[in-house]
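Data first, discussion second: the structure below is written as structure tokens.
Residue numbers (UniProt numbering): 1 to 557.
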């Protein structure tokens with residue numbers, strides 16, 4: 001078994017158990033800022049692992065005290081600072097300058113509502129921020145200059161933490177729904193927050209500066225794309241949402257007419273990880289690297305200068321694959337841009353044992369399949385060198401490449417369940433092929449299983465033709481996700497309607513079976529009676545014919 005196959009199987013196992021709540025982004029995975037020297041990620045076991053991307057080895061491992069009950073939901077690297085190492089040996093003069101700009105603090109949001117601050121310099125816990133949230137923390141974001149941290153939670157509040165005191169400085173209600181994403185402006189004066197709607201806050205007054213329409217689903221990504229002031233019509237930011245295949249770009253206009261997005265980027269799936277280089281002027285383009293849920297990497301480059309009507313396609317799309325005759329896709333975990341415009345840093349494979357590769361992107365455009373490294377001793381080649389050997393044309397297709405049809409319909413099904421759009425649901429449910437139904441259900445995220453069962457229950461109460469079709473979907477759900485449904489504490493209450501409907505139909509089925517048996521006996525008697533009448537009539541005709549023939553013979557003689 002090849003190394004790439006092992007990685008792919010590990011990723012499938014990771015995807016099958018990830019997801020703390022409805023439509024979450026899965027396991028956190030973030031590169032350190034500026035130098036990209038470290039990769040921080042949390043795996044299924046709740047441990048924080050920090051990998052050195054230069055030597056590609058595990059640098060640190062931290063196990064939170066409540067890593068099983070209070071799992072890590074989000075990670076954010078703090079700005080580079082001079083780390084205080086406590087009572088250790090005195091630093092030399094040559095080492096003193098090296099400490100000035102190194103990455104130190106790492107913030108981890110947990111499902112229990114607390115925020116853990118870990119020091120990579122000390123290799124130990126720095127502090128724990130408790131008492132700020134009553135729900136799970138969905139996002140954490142550092143202030144670029146001050147020792148401040150912002151966290152958003154399911155309790156619909158934002159908390160401003162002071163790292164010097166370890167206590168909350170301010171707390172305010174941000175939305176009617178959960179706060180799923182945060183982003184602080186480069187100058188530290190504005191804060192973006194999002195649930196379904198996107199709000200821009202003045203951090204000095206904690207009041208709403210602007211409000212944007214946002215997305216139809218929960219916003220999972222917010223990033224400022226420019227560093228220009230908001231009163232210059234040059235401030236832009238990017239947003240991405242769950243089950244949305246478009247990244248939206250919003251312009252903060254001086255006249256306030258900025259409720260709708262001005263630019264959008266086309267993706268193959270919802271964004272899981274985004275890295276960008278901001279634009280400082282109109283003459284400088286924004287460079288963007290987006291890793292989607294399907295494991296593909298999309299690279300964009302665009303000059304932000306007003307609206308653009310058509311969605312923009314990526315300059316390059318990359319998929320990591322195995323090296324077998326039938327390549328197996330290996331999902332990308334994260335991607336980071338570097339100061340070199342032609343350089344990329346990729347992390348792919350398993351969260352427990354990721355593969356990190358610093359590559360050169362070259363000038364290739366289009367869609368490409370890139371073979372993964374077989375092991376740590378393999379000779380490292382740039383993407384440009386490997387593309388020259390195995391460049392593939394999207395029009396001809398690749399034997400063994402995965403089909404996106406069932407992926408598309410599973411995403412479409414989740415979108416229909418979230419928006420409760422009958423047209424979308426009808427488009428998915430009208431398919432009667434068993435293989436299609438099983439594959440779509442197998443690729444459905446676990447939090448969407450219960451809403452699907454509720455929708456199936458509602459449709460089974462309608463027309464009998466629809467009910468017959470829904471039984472196939474219900475059977476596939478029970479076969480694929482029985483263990484997940486059995487783990488729900490209030491399953492009996494949530495599936496009560498379905499249980500009573502099945503029970504009533506089973507009782508009715510018994511009565512209908514009796515009626516069917518009686519009708520069968522009756523119809524059998526009718527058929528037998530009809531057959532006996534035909535036999536009697538044929539015998540009568542035979543006797544009449546025989547007597548007539550006998551009389552004719554007597555007369556003739």
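Every residue gets a Cβ at the ideal spot worked out from N, C-alpha and C, and that includes glycine.
Quick caveat: nothing in here was measured; it's all calculated off a predicted structure.
| Asked | Found |
| --- | --- |
| Spatial neighbours of residue 270 in its chain, beta-carbon cut-off 8 Å, leaving aside the 5 residues before and after | 220, 240, 241, 242, 243, 244, 245, 292, 293, 411 |
| beta-carbon residue 308 near the ligand MN non-hydrogen atom, thresh 7 Å | Absence of the ligand MN from the depicted structure is noted, as is the absence of any ligand whatsoever, leaving it without description. |
| Where the beta strand (DSSP E) through residue 61 begins and ends | 57-62 |
| Contact between the stretch 268-288 and the stretch 436-443 (3+ Cβ pairs under 8 Å) | no |
| Enclosing beta strand (DSSP E) for residue 129 [first to last residue] | 124-129 |
| Residue environment, residue 516, which counts as buried when at least 16 other CB atoms sit within 10 Å | exposed |
| Rounded straight-line distance, which links the Cα of residue 47 to that of residue 63 | 5 Å |
| Nearest to residue 228 (by Cα), restricted to the options 528, 188, 30 | 188 |
| Rounded Cβ spacing between residue 43 and residue 351 (contact assumed at less than 8 Å) | 4 Å |
| Same chain, Cβ closer than 7 Å to residue 74, five either side skipped, listed in chain order | 28, 109, 137, 138, 139, 140 |
| Nearest candidate by alpha-carbon position, reference residue 50, set 71, 65, 104, 34 | 104 |
| Cβ separation of residue 286 and residue 304, assumed to be a contact under 8 Å, to the nearest whole Å | 6 Å |
| Assigned exposure category for residue 251 - 16 Cβ within 10 Å defines buried | buried |
| Residue of 486, 257, 185, 177 minimising C-alpha distance to residue 223 | 185 |
| Residue 311 beta carbon less than 8 Å from that of residue 558 | Residue numbering for the chain in the displayed model covers 1 to 557; residue 558 lies beyond these limits and cannot be assessed. |
| Burial state of residue 201 (16 or more Cβ within 10 Å) | buried |
| Nearest neighbour of residue 181, chosen from 425, 167, 157, 161 [CA to CA] | 157 |
| Span of the beta strand (DSSP E) around residue 344 | 343-349 |
| Residue 116 - partner residues in DSSP beta bridges | 108, 128 |
| Beta-carbon spacing of residue 147, residue 163 below 8 Å | yes |
| Presumed contact (8 Å Cβ cut-off) between residue 114 and residue 128, rounded CB distance | 6 Å |
| Nearest to residue 505 (by Cα), restricted to the options 467, 255, 331, 133 | 467 |
| According to DSSP, residues forming a beta bridge with residue 239 | 222, 248 |
| Residue 151 in three-state terms, based on DSSP | strand |
| Burial state of residue 172, where buried means 16 or more other Cβ atoms lie within 10 Å | exposed |
| Residue ranges of each alpha helix (DSSP H) within the UniProt domain "Small-subunit processome Utp12" (421-522), 4 or longer | 422-429, 434-442, 449-460, 464-486, 491-494 |
| For residue 271, the three-state DSSP class (helix, strand or coil) | strand |
| CB contact flag (residue 562, residue 217, <8 Å) | Since the displayed the chain opens at 1 and closes at 557, residue 562 lies outside it and no answer follows. |
| Residue 529 versus residue 501 - alpha carbon distance | 41 Å |
| Residue 490, buried or exposed, once every other Cβ within 10 Å from all chains shown has been counted against 16 | exposed |
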